[in-house]
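Everything below concerns the one structure shown next.
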Amino acid sequence: MKFFIYLSNYFSNRETIQEIFLIPVIATLLAIFLGLLLLIVSGSSTQIALTALVALFTGSFGSLSAISETFTAATPLIFAALGIAVGFRAGLFNIGAEGQIILGGMAAVVIGFSFQLPFAIHLIIILLSGALFGAFYALIAGWLKATTGAHEVITTIMLNLIAYRLLDFFLRMPAIQKEGRNDPISKSIFETAELPRILYLLDPNLRVHMGFLIAIVAVFFVYWLIFHTTIGYEFRAVGKSLEASKYGGINPAITIVLAMSIAGLLAGLAGACQIAGVLGRATPGFSAGIGFDAIAVALLGRAHPIGVLFAGILFGALIAGGRAMQVSANVSLDLITVIQALIIIFIAAPILIRKLFPWILK
Amino acid sequence: MNFEKFLKISSGALAGVLLLGINSAHAFTACQVTDVGGVDDKSFNQTAWKGVQDAVAKHGVDSKLLESKSETDYEPHLNSMVNAGCDVIIAVGFLMGEATKNAAEANKGSNFTIIDFAYDPTVPNILGQVFATDQAAFLAGYLSAGVSKTGIVGTFGGINIPPVTGFMDGFAWGVKHYNKVKGKNVQVLGWDPDAKEGLFTNNFDSTDDGKAFAQNLYDEGADIVMPVAGPVGLGSASLADELGSDKLKIIGVDGDWTQTDPARKGVYLTSVLKKMDVTVLSVIESVKSGSYSGGITVGTLENGGVGIAPYHDLASEVSSELASEVEALRKGIISGSIVMNK
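Chains as they are written, first to last, in our numbering: chain A, 61 to 422; chain B, 636 to 977.
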């Protein structure tokens, strides 16, 4: 109950509504509009552009299976973007979610195929191990920053590259590689380690899984952490001004390491959820660039947990809707990448949107 | 644009969408899901898509295409094709093997075909198309050994999977056969068919890798290189183009690269053809006529599913004697009088 009072107080603030709703919504609509304009300029008929637009909506929210696909794609994005948002709050620009997803996923795969445990216990262990390894991997970058001042942008990019090669190496280890295969592919996890599909009873092909619900819980957890705990206050203080936070008695080194670890923990969960909920095994490309898309999601969500939730669902919708767009309008999936990029440009330049729509935004 | 005009256009479009929906429910539709290489990879995705396009031109069927951006796309892409009411769904590539199996088992009413994957046991609604590319590559290996001036030839692959290493096996065996027949000692760099170890770029998209790997092989003395990694090989071709075809020649794979990459056609000695367009077309025809059944189909030298391309610009490098030996080998493999792995 207390929480809902917080929430209603929060949203009664007009500036916040602008920040986390109006600007992203306008940016998205503008980007979709420009994307379709681009389609028409490049030679498609208006009818194809409108077919594409209709497909984008029906393919993402038009049916139960479309919604299921949207949420499935959104789940890892929400987790990883929450981590990046925590980093942003503490003044850290964490590019390393991709590597942390890979480490989390690798741990999940090993736990998933090595032991056979009772259902719920196996699932909890697989998620915990993913979170732990993701946290450990991000901690390296946090520790380097805290002790040596090495910039986290550089170190996390490097750690991503190491993670890619580590995965290549890992997938060729005889203990991990699938029997009878020469190519890099891991063994499959046991069924007891799989995240159950939420809508299994309605239709076993609906892929949205428990991970989505856990992601929503994570959203509220991060909200509570950032805005209602001492640790969260310290994150925000260090993020606003490192020097001032020192005078306020905060140890920035510990705060940085902690913020990076929590970011890695959430990204690691994204990796574990992909393995346990969708893929069931690891291949060299299993991270699929989610860690980079998540940076865009965190920016679009203005580094606010609730904003991240909606931004993640929006990006999931673009993925699911883009698929329908290609099937029914024969429009290349690359258009979705263009739309995503345009959204980021408008988000990065909120003044541009304020200038374009002065009657909506003051 | 005034509001009325907007209404007119949008309602027209909506009617179009609805019509499209009705049409697609009736017309025969062939649907392809590509792997991450994309449909313009000048390699197997493109060759398979050509088969679909041939069916469109020949039989007036409808076609749909979904390009995968990552491995996680395979299964949802296949499922959206099922939902789109496709009559036959073409999955391109070994790496889609498991996703295709899952989709086929969940949708027993849909017909699937996959390139480069043979299920054991077979799945009733998947037709696996595999190709005896080692037979064709054997000819290319023998040819290269005969053309090479340095006595060293090379190859490298995308990743160590059977559809890739089949080419490399055949190539190495062909060179070995040449050595045995001629009493020479031409070496093959980049692949050991017995240990199943060799050079791999570990991707199917970096032309930079294609250039770097060809450079390494060239530095080791190879003057003919066969890159088996889809579009990666185009990077190797650009190196050969810079060096000149007297220093480095390239052997294309999948399609005839003098046709798909005409700007550099002077560097291609030949191409090892894997005629997926022909098999894809025939699968579409079989579904259309109702004679489709799951299982495995194998493209061989005998049925024309594999082969080597004409020598085109570099025909002068191939002596008429060598050319007739290669032709005799082709017949020998078909009749079984030549065993490749000996």
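We treat Cβ as the ideally placed atom computed from N, Cα and C, and that holds for glycine.
Here the structure is a predicted model, which is why all the values come from computation and not from measurement.
Report buried or exposed for V974 of chain B, applying the criterion of at least 16 other Cβ atoms within 10 angstroms of its Cβ. So V974 of chain B ends up on the exposed side.
At a Cβ cut of 9 Å, what residues of the region 704-716 of chain B count as close to chain A, listed as they run along the chain? So the close ones are K704, S705, E706, T707, D708, E710, P711, H712, N714, S715 and M716.
Work out the CA separation of K909 of chain B and G939 of chain B for me, nearest whole Å. G939 of chain B and K909 of chain B have their alpha carbons spaced roughly 9 Å apart.
Measuring alpha carbon to alpha carbon, tell me which residue in B:A772, B:V687 and B:R899 is nearest L695 of chain B. Looking at the sequence itself, residue 695 of chain B is Gly, so the reference to Leu does not match. Minimum Cα distance to G695 of chain B is reached at B:V687.
Following the continuous alpha helix (DSSP H) through N737 of chain B, name the residue where it begins and the one where it ends. N737 of chain B -> alpha helix (DSSP H) spans G732 to A741.
Identify, in the order they occur along the chain, each residue of the same chain with its Cβ nearer than 6 Å to the Cβ of I162 of chain A, setting aside the five sequence neighbours on each side. Hits under 6 Å: A223, L227 and S347.
Chain A beta carbons: is any one of them nearer than 9 Å to that of A660 of chain B? Because A660 of chain B carries a pLDDT of 46, less than 50, the predicted location of this residue cannot be relied on, and the following value inherits that uncertainty. By this cut-off, A660 of chain B is not an interface position.
CB-CB under 7 Å to T88 of chain A, same chain, minus the five flanking residues each way: which ones, in chain order? The answer, listed in chain order, is L374 and I403.
Does the beta carbon of T800 of chain B sit closer than 9 Å to a beta carbon anywhere in chain A? With 9 Å as the cut-off, T800 of chain B counts as an interface residue toward chain A.
Same chain only: Cβ atoms within 7 Å of Y293 of chain A, ignoring 5 sequence neighbours per side: Spatial neighbours of Y293 of chain A in its own chain (CB-CB distance under 7 Å, excluding positions within 5 residues in sequence) are not present.
Going by the CB atoms, is the gap between A780 of chain B and K817 of chain B shorter than 9 Å? Yes.
For F747 of chain B, decide whether its Cβ has a neighbour in chain C, counting only Cβ atoms nearer than 9 Å. Judged by its chain identifiers, the structure shown contains no chain C, and its protein chains are A and B.
Any C-beta of chain A sitting closer than 9 Å to the C-beta of K831 of chain B? K831 of chain B counts as touching chain A.
In the structure shown, what three-state DSSP assignment does H812 of chain B receive? Under the three-state reduction of DSSP, H812 of chain B is assigned to helix.
Quick one: is A741 of chain B near chain A, going by C-beta distance under 9 Å? Chain A, which has a Cβ nearer than 9 Å to the Cβ of A741 of chain B, makes this yes.
Starting from the Cα of R149 of chain A, find the closest Cα among A:R267, A:V101, A:Q176 and A:A358 and give me that residue. It is A:A358.
Which same chain residues, not among the five before or five after I931 of chain B, have their C-beta less than 7 Å away from its C-beta? Here I931 of chain B has A753, T757, G763 and V765 as same chain residues with Cβ atoms under 7 Å from its own Cβ, once five neighbours each way along the sequence are excluded.
What's the call for S972 of chain B, buried or exposed, on a 16-neighbour Cβ count within 10 Å? S972 of chain B is exposed by the Cβ-count criterion.
Taking C-alpha atoms, which residue in B:I761, B:K784 and B:I750 lies nearest to T768 of chain B? The residue with the shortest Cα to Cα distance from T768 of chain B is B:I750.
Tell me the DSSP secondary structure of L649 of chain B in three-state form. The pLDDT assigned to L649 of chain B is 48, lower than 50, so where the model puts this residue is not dependable; a value taken from the coordinates is nonetheless given after this. Helix, per DSSP.
I need the DSSP call for I724 of chain B, collapsed to helix, strand or coil. It is a strand residue.
Anyone know if the C-beta pair for V953 of chain B and V782 of chain B falls short of 9 Å? A contact, by the Cβ cut-off of 9 Å.
Taking all protein chains shown into account, decide if A157 of chain A is buried (16 or more other Cβ within 10 angstroms of its Cβ) or exposed. Answer is buried; the Cβ neighbour count reaches 16.
Please state whether DSSP places Q764 of chain B in a helix, a strand or coil. In the three-state reduction of the DSSP assignment, Q764 of chain B falls in the strand class, which pools E and B.
Contacts of K699 of chain B in chain A (Cβ-Cβ under 9 Å): Residues of chain A passing the Cβ test: Q386, V387, S388 and N390.
Would you mind telling me which residues of chain A sit closer than 9 Å to I794 of chain B, beta carbon to beta carbon, in chain order? By Cβ distance, chain A contributes N242, D243, P244 and P344.
Proximal chain A residues relative to A665 of chain B, where beta-carbon distance stays under 7 Å: Per Cβ cutoff of 7 Å: no residues; A665 of chain B is ~13 Å from chain A at best.
Compare the C-beta of E212 of chain A with all C-beta atoms of chain B and state if any pair is closer than 9 Å. At a cut-off of 9 Å between C-beta atoms, E212 of chain A does not count as an interface residue with respect to chain B.
Just list the alpha helix (DSSP H) runs in the region 117-164 of chain A, keeping only unbroken ones of 4 residues or longer that don't cross its boundaries, in chain order. Entirely contained in the region 117-164 of chain A, the alpha helix (DSSP H) runs reaching 4 residues are, in chain order, 124-149.
Nearest-angstrom Cα separation, counted from G151 of chain A out to L302 of chain A: Just so you know, the alpha carbons of L302 of chain A and G151 of chain A end up roughly 9 Å apart.
Beta-carbon neighbours of R383 of chain A, restricted to chain B and to distances below 9 Å: Within chain B, L701, D708, P711, H712 and S715 have C-beta atoms less than 9 Å from the C-beta of R383 of chain A, given in sequence order.
How about V213 of chain A and I322 of chain A: do their beta carbons lie closer than 9 Å? No, these two residues do not count as a Cβ contact at 9 Å.
If you drop the 5 nearest sequence neighbours on each side, which residues of the same chain put their C-beta closer than 7 Å to that of G929 of chain B? Around G929 of chain B: T757, V758, P759, N760, I761 and L762.
Is there at least one Cβ from chain A nearer than 9 Å to A692 of chain B's Cβ? Taking CB atoms only, A692 of chain B has no neighbour in chain A less than 9 Å away.
What does DSSP give as the partner residue(s) for Q237 of chain A in the beta ladder? In the DSSP assignment, the residues bridged to Q237 of chain A are A:S246.
Listing by chain order, which chain B residues have their CB less than 8 Å from the CB of V268 of chain A? Using a Cβ-Cβ cut-off of 8 Å, V268 of chain A is close to nothing in chain B; its nearest Cβ partner there is about 11 Å away.
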